[in-house]
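Last residue of the sequence shown? That's 465 in the numbering used here, and every number before it is there in order.
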Amino acid sequence: MLKRKVSSINFKTLIYLIIFSVTILLLLFLSQNILLKFSYEHYQETKMKSIVNSIKDFNTAELLTNLEELAYNNSVCIQYSLNNGNKILYNTLMVGCGLNKNNSQINNLIDEIVSNGEETNIKLINNMSETKALLSSIKVTEGFVFVYSNLEDLNAANIVLKGQLIYVTVIMIVIACFISYFLSIKITKPITNITKKAKEIGEGRYDIVFDESDVLEIDELADALNHMEKDLSKIDELRRDLMANVSHDLKTPLTMIRAYAEMVRDISYKDKEKMDKDLNVIIDETERLNVLVNDILDLSKMQASADNLNVEEFDLVLVINEVMKRYEILKLTEDYTFILNLPDKAIIKADKSKIMQVIYNLVNNAINYTGSDKKVYINLIESKKEFLLEVKDTGKGIKKEEIPYIWDKYYKNDKKHQRNVVSTGIGLSIVKEILSKHKFDYGVKSVHKKGSTFYFKIKK
């Protein structure tokens, strides 16, 4: 695959400005050589129409007094041919005026119009001198009025303009170079600074502040990078917490497993009752390790989109009751109370195993953080359109500023739990991933020193 060629902003700015300048100059060149002549003729025709309309508006008394003024003010020459054969000329001294006896072409055309007795629209004629002119006739009560206007030769003007265009082209290119230089400096300087600071973030520095400039897009980039820097700093902090948490959570059961395994090997193997008790401890600690590893693997699979949903119809009440059976041991050994407020039936469509995992993690979270009364509430509230599942604890609650982060993986509200259980801080992240995949609404309501209520909604 060929590598795409790249170039600096300075060079691209220069090229774009030169292309822009050349385009403008080409448009000017085309307008001078094509549009100028057309525009000039159109302007002269419009002026001729205005003169003709003015003459038509004059009555017989006004005609003689106003024709001369009209001729001089508009730089045209006018001939008033009376029915008796007499002719009155106005502004015939105008350079190139064809309304005189010396121009046989014009005279013949006028005689033809008079003999036909009909006025004519504006007519483009070619004089013998190869110049063009406009001629119009207006029939009045006592004869005809002829209006004549020369069309100037624009060739000479075009030659002058072409010469000027060459100088303008050179000047425009030079100006484009200067503008591109200063413009590129203004744009590239803040981008260069941002690039340097971004590299420092890549080296592990998270105290960088990206400065704003007076360019909107660069300011938006700086804001985005500042936000990214804060997120990376938070992630790095969570990563360090993860290492500490996982190390602690792995070390404790591993230490217990090794200690009791050595005890079985060296001491209790002679006493079957004692050996069975030690082996049960090893099994319990192994289960704790299994929960820890499975949580991490589940989250990794879901975030990699490798864990697809298997949607089916089932009774959510039965699932909740099935999950709560796992906690019977806590009722007996640690005096936990689980208060369930459930309807008789709640038929939904979802991935049964994933929803079970959500409920399990939410209940585990409530157990970890509930108050000294060791109470956990599970409420399933039915409305016309949806089911609302709530899992409530009676702990100290979550600080308002911490609520946006509780769904982040590895985050822990407090490392001192009510109960000493395995907790990597990824349980709520698993809940978030599963509910997001189902597109269910979820959230948390927390009151200081009164506990937290985690909830999610399932449409019927």
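Beta carbons: idealized from backbone N, C-alpha and C, even for Gly.
Bear in mind that the values here come from a model prediction, so they are computed numbers and not experimental data.
In whole angstroms, what separates the C-alpha of residue i from that of residue j?
| i | j | result |
| --- | --- | --- |
| Leu-98 | Lys-92 | 16 angstroms |
| Lys-421 | Phe-392 | Caution applies to Lys-421, whose pLDDT of 47 falls short of 50 and renders its modelled position unreliable; the value that the coordinates give is listed next. One C-alpha to the other measures close to 33 angstroms. |
| Leu-385 | Ile-334 | 23 angstroms |
| Ser-86 | Asn-71 | 15 angstroms |
| Phe-25 | Val-179 | 13 angstroms |
| Tyr-332 | Ser-377 | 17 angstroms |
| Ile-118 | Glu-67 | 24 angstroms |
| Leu-294 | Asp-320 | 31 angstroms |
| Glu-222 | Pro-195 | 11 angstroms |
| Met-361 | Ala-266 | 34 angstroms |
| Val-426 | Glu-292 | Only weak support exists for where Val-426 lies, its pLDDT of 48 falling under 50; the value from the coordinates is given anyway. If you take the alpha carbons of Val-426 and Glu-292, they lie about 11 angstroms apart. |
| Arg-424 | Ala-229 | Annotation note: pLDDT 47 at Arg-424 (below 50); position unreliable, coordinate value reported separately. Taking the straight line from one Cα to the other gives about 41 angstroms. |
| Ile-143 | Asn-131 | 20 angstroms |
| Lys-450 | Leu-188 | 52 angstroms |
| Ile-171 | Val-27 | 11 angstroms |
| Leu-69 | Val-145 | 12 angstroms |
| Lys-357 | Ile-206 | 43 angstroms |
| Val-328 | Asn-366 | 10 angstroms |
| Ser-273 | Tyr-341 | 33 angstroms |
| Ile-439 | Ile-408 | 19 angstroms |
| Lys-275 | Asp-281 | 11 angstroms |
| Leu-347 | Val-322 | 7 angstroms |
| Ser-388 | Phe-461 | 13 angstroms |
| Leu-30 | Thr-174 | 7 angstroms |
| Lys-359 | Phe-343 | 22 angstroms |
| Phe-183 | Asp-236 | 41 angstroms |
Across which residues does DSSP place residue i in a beta bridge pair?
| i | result |
| --- | --- |
| Tyr-95 | Ile-83 |
| Lys-380 | Thr-342 |
| Thr-458 | Lys-397 and Lys-450 |
| Gly-148 | Leu-87 and Val-145 |
| Tyr-153 | Cys-82 and Leu-140 |
| Asn-131 | Lys-137 |
| Phe-392 | Glu-387 and Ile-463 |
Using DSSP with H/G/I as helix, E/B as strand and the rest coil, what is residue i?
| i | result |
| --- | --- |
| Ile-325 | helix |
| Gly-207 | helix |
| Ala-351 | coil |
| Glu-317 | strand |
| Asn-366 | helix |
| Phe-215 | coil |
| Ile-435 | helix |
| Leu-226 | helix |
| Phe-16 | helix |
| Asp-271 | helix |
| Asp-356 | strand |
| Phe-445 | coil |
| Val-100 | coil |
| Tyr-21 | helix |
| Asp-276 | coil |
| Phe-63 | coil |
| Gly-122 | coil |
| Ile-403 | coil |
| Lys-420 | Residue placement at Lys-420 cannot be trusted, given a pLDDT of 46 that sits under 50; what the coordinates show is reported in the next sentence. Lys-420 falls in the coil class under three-state DSSP. |
| Val-427 | For Val-427, the pLDDT reaches just 44, beneath the cut-off of 50, and the residue's location in the model is therefore unreliable, leaving the point undetermined. |
| Asp-236 | helix |
| Asn-71 | helix |
| Ile-111 | helix |
| Asp-413 | coil |
| Thr-375 | coil |
| Leu-40 | helix |
Since I believe residue j is in contact with residue i (beta carbons under 8 angstroms), could you give me their beta-carbon distance rounded to a whole number of angstroms?
| i | j | result |
| --- | --- | --- |
| Val-316 | Lys-350 | Not confirmed; about 19 angstroms, so no contact. |
| Ser-457 | Asp-413 | About 16 angstroms; that fails the 8 angstroms criterion. |
| Glu-50 | Leu-139 | 7 angstroms |
| Gly-90 | Asn-155 | So it is not a contact: roughly 27 angstroms between Cβ atoms. |
| Gly-402 | Lys-437 | That belief does not hold up - the Cβ atoms of Gly-402 and Lys-437 are roughly 20 angstroms apart, past 8 angstroms. |
| Phe-151 | Ile-176 | So it is not a contact: roughly 48 angstroms between Cβ atoms. |
| Leu-3 | Ser-185 | The chain is shown only over 6 to 465; residue 3 falls outside these bounds and no answer can be derived. |
| Ile-411 | Ile-364 | That belief does not hold up - the Cβ atoms of Ile-411 and Ile-364 are roughly 17 angstroms apart, past 8 angstroms. |
Using only CA atoms, which one of the options lies nearest to residue i?
| i | options | result |
| --- | --- | --- |
| Tyr-77 | Leu-94, Gly-90 and Thr-65 | Leu-94 |
| Ala-127 | Leu-104, Ser-55 and Thr-193 | One detail in the question is off: residue 127 reads as Ile in this sequence, not Ala. It is Ser-55. |
| Ile-287 | Val-452, Lys-275, Val-269 and Val-296 | Val-269 |
| His-232 | Ser-218, Arg-245, Glu-242 and Ile-213 | Ile-213 |
| Asp-446 | Gly-432, Ile-463 and Gly-103 | Ile-463 |
| Val-396 | Leu-433, Lys-201 and Glu-278 | Leu-433 |
| Asp-202 | Leu-226, Ile-184 and Leu-104 | The sequence shown places Lys at residue 202, rather than the Asp named in the question. Of Leu-226, Ile-184 and Leu-104, the residue nearest in Cα terms is Leu-226. |
| Leu-337 | Val-322, Lys-465 and Lys-379 | Lys-379 |
| Ala-264 | Phe-183, Ala-371, Lys-279 and Asp-283 | Asp-283 |
| Tyr-153 | Glu-147, Leu-166, Thr-125 and Asn-369 | Thr-125 |
| Asn-96 | Cys-82, Gly-168, Tyr-374 and Gly-103 | Cys-82 |
Can you find a heavy atom of the ligand SAH that lies under 8 angstroms from the Cβ of residue i?
| i | result |
| --- | --- |
| Lys-380 | With respect to the ligand SAH, the structure shown offers nothing to examine, as it has no ligands at all. |
Establish whether the CB of residue i and some CB of chain B are separated by less than 9 angstroms.
| i | result |
| --- | --- |
| Gly-432 | Chain labels in this structure do not include chain B; a single protein chain is all it has. |
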